[in-house]
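Residue numbers (my numbering), protein chains in the order written: chain A, 36 to 193; chain B, 36 to 193; chain C, 36 to 193.
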């Protein structure tokens, strides 16, 4: 995909691509192998703090959940771009997105939360951003995050 | 795989292949890329209504959970066939199935629920239907569904 | 990767590679297709009994969770080696690990539990063991296990 065009699209929406998540001792933010890229689970962070901590149906509103999903997707794109050498040039398309939503047992609007991620990715990447998706509830996520997002993408070999 | 043979097998079991799930604005029911197909999370539906809503260990019986898993697998096959041009011809095998089971904390029979899907897929597709599987509990699923199923398959390139 | 070297590394750490999980009627412990291998969800077992049953934040301590994650990763490696013909020779690298942690809603240390798996795999396989990872909480797992681990690997075609 055209790196400049994607960055322009983000600028138009007044969105800054966050720095890629740092590599941690035990695992990598994104692994590229052949024509596939696997992005590690992303939790929406803001200045080093978890965005909207808590569970949907309890402390976190639907709008906050949507916002967290959107932000996690943005971080995933940043991790992907970094793993592809600092450009979206080799990105072909997004294949699969799984959205884990911290939620109380009575919550049923996981798709609305996940749309925060899906619609954002399609908005930024166009048709190449459309993906197969799963959205499920979970009782708790790392650091008390409301959403964790896992992304798989198709890429051109280096 | 032989499309007619699979449809015959379904007919023998008196099972109708449901229409493929419609594409939704934000994401796709199935993405095919190279030799892989990713099916979006499937929730068992019947005439537009969630089948057996609720949680295992509470409102939903084991038999109902098995039935929902089986139906979700059938829907996944329908999504896959549609994405492959309306035929199973290009389907090589099922690779991975993840079954999320809405369950109370004391529930431990996720494998029995997931067998509803695994045994069904093997019954319809034979050895090519056998897959790596994960079954996990979740507190809640979209629309109050008891089961959500995610499937990955190997396909021949178009 | 060098099979003997990996076995030596395990011996140095006084770890015995457990026998691969048996194939079950409905699904397979590991499916290899082209350059990818999908390992079925692994639950840490010890002599046929679930290791440290229960939930994190309740009956299971952090150290026990770490131990279960580590053991589940070891079992995944055993399943992988078996599916590759009884040797790690064709293993190229680990791509993705998902760690489902049975936990109470207030639990937030899923990454610490998952590190039990990630650090172990990196310790045994070196840089080729580093992977994209997701760690999420779940209310319950098969047989009351505290951890279920799903692994995807890159392999050389046979």
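Each residue gets a CB set at the ideal place from its N, CA and C atoms; glycine is no exception.
All of these numbers come straight from a predicted model, not from anything done at the bench.
Verify whether the separation of the beta carbon atoms of residue i and residue j is less than 7 Å.
i, j, result
"residue 190 of chain C", "residue 166 of chain B", "no"
"residue 87 of chain A", "residue 103 of chain A", "yes"
"residue 145 of chain A", "residue 156 of chain A", "no"
"residue 15 of chain C", "residue 101 of chain C", "There is no way to answer for residue 15 of chain C, as the model of chain C reaches only from 36 to 193."
"residue 186 of chain B", "residue 126 of chain B", "no"
"residue 178 of chain B", "residue 171 of chain A", "no"
"residue 61 of chain A", "residue 115 of chain A", "no"
"residue 41 of chain A", "residue 123 of chain A", "yes"
"residue 163 of chain A", "residue 128 of chain A", "yes"
"residue 173 of chain A", "residue 143 of chain C", "no"
Note down, in chain order, every chain A residue with its Cβ under 7 Å from the Cβ of residue i.
i, result
"residue 61 of chain B", "150, 153, 154 and 157"
Report the rounded CA-to-CA distance for residue i versus residue j, giving the unit in angstroms.
i, j, result
"residue 78 of chain A", "residue 110 of chain C", "28 Å"
"residue 139 of chain B", "residue 193 of chain A", "46 Å"
"residue 94 of chain B", "residue 161 of chain A", "41 Å"
"residue 158 of chain B", "residue 105 of chain B", "11 Å"
"residue 117 of chain A", "residue 45 of chain B", "47 Å"
"residue 98 of chain B", "residue 141 of chain A", "22 Å"
"residue 194 of chain B", "residue 49 of chain B", "Here chain B comprises residues numbered 36 to 193, so residue 194 of chain B is not present and cannot be evaluated."
"residue 85 of chain C", "residue 81 of chain B", "37 Å"
"residue 47 of chain C", "residue 89 of chain B", "49 Å"
"residue 24 of chain C", "residue 51 of chain A", "Examination of residue 24 of chain C is not possible in this model, given that chain C is present from 36 through 193 alone."
"residue 71 of chain C", "residue 71 of chain B", "10 Å"
Whose CA, out of the options, lies closest to the CA of residue i?
i, options, result
"residue 91 of chain B", "B:188, B:187 and B:180", "B:180"
"residue 184 of chain A", "A:159, A:76, A:105 and A:142", "A:76"
"residue 83 of chain B", "B:97, B:64 and B:56", "B:56"
"residue 121 of chain B", "B:46, B:99, B:158 and B:53", "B:53"
"residue 134 of chain A", "A:115, A:175, A:168 and A:51", "A:168"
"residue 131 of chain A", "B:64, B:113 and B:143", "B:64"
"residue 96 of chain B", "B:174, B:148, B:72 and B:71", "B:148"
"residue 38 of chain A", "A:141, A:113 and A:142", "A:113"
"residue 119 of chain B", "B:182, B:43 and B:73", "B:73"
Could you tell me which chain C residues have their CB closer than 9 Å to the CB of residue i, listed as they occur along the chain?
i, result
"residue 68 of chain A", "70, 71, 127, 128, 130 and 189"
Find the residues of chain A that neighbour residue i, judging by a C-beta separation of less than 9 Å, and give them in chain order.
i, result
"residue 76 of chain B", "133, 167, 168, 169, 170 and 171"
"residue 53 of chain C", "Under the 9 Å cutoff, chain A gives no residues; its nearest Cβ is about 22 Å from residue 53 of chain C."
"residue 90 of chain B", "140"
Which residues in chain B have a C-beta closer than 8 Å to the C-beta of residue i? List them in chain order.
i, result
"residue 176 of chain C", "143, 145, 171 and 172"
Output, in chain order, the set of chain C residues within a Cβ distance shorter than 7 Å of residue i.
i, result
"residue 179 of chain A", "143"
Under 7 Å between beta-carbons, which chain B residues line up against residue i? List them in chain order, please.
i, result
"residue 185 of chain C", "169"
Taking only beta-carbon positions, decide if residue i is within less than 7 Å of chain F.
i, result
"residue 138 of chain B", "The chain inventory of the structure shown lacks chain F, comprising the protein chains A, B and C."
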